[in-house]
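In the working numbering, the protein residues as written are 2 to 68. Beta carbons are placed, not taken as given, at the ideal position from N, Cα and C, and that holds for glycine.
Dropping the structure here:
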């Protein structure tokens, strides 16, 4: 089931916590592009990408399960 509202950590597009997948689904961009953006933010020492990722991991709820 596709979600058009709300921001959730993705269950379908998950490698670590589903943050990149959830953002990609919410904003309608390819998941690979969102992952590349996070990777680029991690390159200059990690902090520009790691800290926001961890914060979003904590703040964004996991996508609910649907039957």
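Alpha-carbon spacing of residue i relative to residue j, whole angstroms
| i | j | result |
| --- | --- | --- |
| residue 37 | residue 25 | 11 Å |
| residue 17 | residue 59 | 13 Å |
| residue 35 | residue 9 | 15 Å |
| residue 31 | residue 41 | 16 Å |
| residue 50 | residue 21 | 11 Å |
| residue 23 | residue 13 | 9 Å |
| residue 52 | residue 64 | 21 Å |
| residue 39 | residue 61 | 16 Å |
| residue 47 | residue 11 | 23 Å |
Start and end residues, alpha helix (DSSP H) containing residue i
| i | result |
| --- | --- |
| residue 23 | 20-28 |
| residue 53 | 48-60 |
Identity of the residues DSSP links to residue i by a beta bridge
| i | result |
| --- | --- |
| residue 10 | 63 |
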